[in-house]
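A short write-up of the structure that comes next.
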Amino acid sequence: PVRVICDSAAAQLMAQGVVDKVVVGADRVLGTGHVTNKIGTLPIALGAKFYGVPFYVAAPVSTLDLVTDVSRVVIEERDQREVLSVGGRRFAPRNVGALNPAFDITPPELVSGIVTDRGVVRQPLAENIRAMFG
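In this text, residue positions in the sequence shown follow our numbering: the first is 2, and each later residue adds one.
Structure (structure tokens):
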């Protein structure tokens with residue numbers, strides 16, 4: 002069976018043996034196999050690696066970007082008010098700021114494979130991305 006879970010519960014459910022495979026989407030897949038996706042993807046991938054759970058990325062080839070320099074990826078920083086207030090009312094002290102990245106980058110070493118509309122790209126990701134799409 003397939004079940005949807007809250008992302009913050011992923012590692013706990015992996016530890017309990019409830020999760021046997023992780024599938025996430027991607028906003029962008031680099032030619033190196035690095036995956037840019039909504040914030041929270043990297044911790045799930047780390048949990049999957051730790052607990053020996055396969056971690057797959059499902060992404061159409063339109064998300065593939067053959068850029069190989071991960072340092073060129075700009076991570077959007079969202080408005081800090083999103084995490085310092087609720088309903089327009091600030092709950093954090095005035096002298097406290099926030100970091101609010103919208104995306105994170107999952108390294109290819111944590112990815113079991115990338116499922117695309119042209120097939121599955123397996124490890125080593127960079128080499129196989131070049132072979133399939135380069």
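Ideal placement from N, C-alpha and C gives every residue a C-beta, glycine not left out.
As assigned by DSSP and simplified to three states, the class of residue i
{"i": "I6", "result": "coil"}
{"i": "R82", "result": "helix"}
{"i": "F92", "result": "coil"}
{"i": "V20", "result": "coil"}
{"i": "R99", "result": "Contrary to the premise, residue 99 reads as Ala rather than Arg in this sequence. Of the three classes helix, strand and coil, the one that applies to A99 here is coil, per DSSP."}
{"i": "G135", "result": "coil"}
Residue i, buried or exposed, once every other Cβ within 10 Å from all chains shown has been counted against 16
{"i": "P102", "result": "exposed"}
{"i": "L126", "result": "buried"}
{"i": "V36", "result": "buried"}
{"i": "L67", "result": "exposed"}
{"i": "V20", "result": "buried"}
{"i": "N38", "result": "buried"}
{"i": "I76", "result": "exposed"}
Supposed contact pair residue j and residue i - C-beta distance, whole angstroms, cut 8 angstroms
{"i": "F134", "j": "D28", "result": "About 17 angstroms; that fails the 8 angstroms criterion."}
{"i": "V24", "j": "V112", "result": "That belief does not hold up - the Cβ atoms of V24 and V112 are roughly 11 angstroms apart, past 8 angstroms."}
{"i": "Q81", "j": "A60", "result": "Not quite, the Cβ-Cβ distance comes to about 29 angstroms (not below 8 angstroms), so this is no contact."}
{"i": "K22", "j": "V54", "result": "7 angstroms"}
{"i": "G32", "j": "T69", "result": "5 angstroms"}
Own chain partners of residue i with C-beta closer than 7 angstroms, once the 5 adjacent residues on each side are dropped
{"i": "G34", "result": "P109, V112, L126, A127 and I130"}
{"i": "V62", "result": "T117, D118, R119 and F134"}
{"i": "I47", "result": "Here the sequence assigns Leu to residue 47, which means Ile is not the residue at that position. Cβ neighbours of L47 beyond the five flanking positions: L111."}
{"i": "S86", "result": "F92"}
Residue i Cβ short of 7 angstroms to the ligand GTP heavy atom set
{"i": "R79", "result": "Of ligands this structure carries none, so the ligand GTP is not represented either."}
Contacts around residue i, its chain only, beta-carbon distance under 6 angstroms, and the 5 residues preceding and following it disregarded
{"i": "L43", "result": "D105 and T107"}
{"i": "A49", "result": "V23 and F56"}
{"i": "V121", "result": "G114"}
In DSSP terms, what residue i is bridged to
{"i": "R29", "result": "T37"}
{"i": "P142", "result": "Since the displayed the chain opens at 2 and closes at 135, residue 142 lies outside it and no answer follows."}
{"i": "G114", "result": "Y57 and R123"}
{"i": "D66", "result": "L31"}
{"i": "F104", "result": "K39"}
{"i": "V87", "result": "R90"}
Residues near residue i in its chain [Cβ-Cβ closer than 8 angstroms; skip 5 each side]
{"i": "V30", "result": "V36, T37, V58, A60, T64, L65, D66, I115 and I130"}
{"i": "R97", "result": "The sequence shown places Val at residue 97, not Arg. Excluding residues within five positions, the ones whose Cβ falls inside 8 angstroms are L85."}
{"i": "I6", "result": "L14 and V20"}
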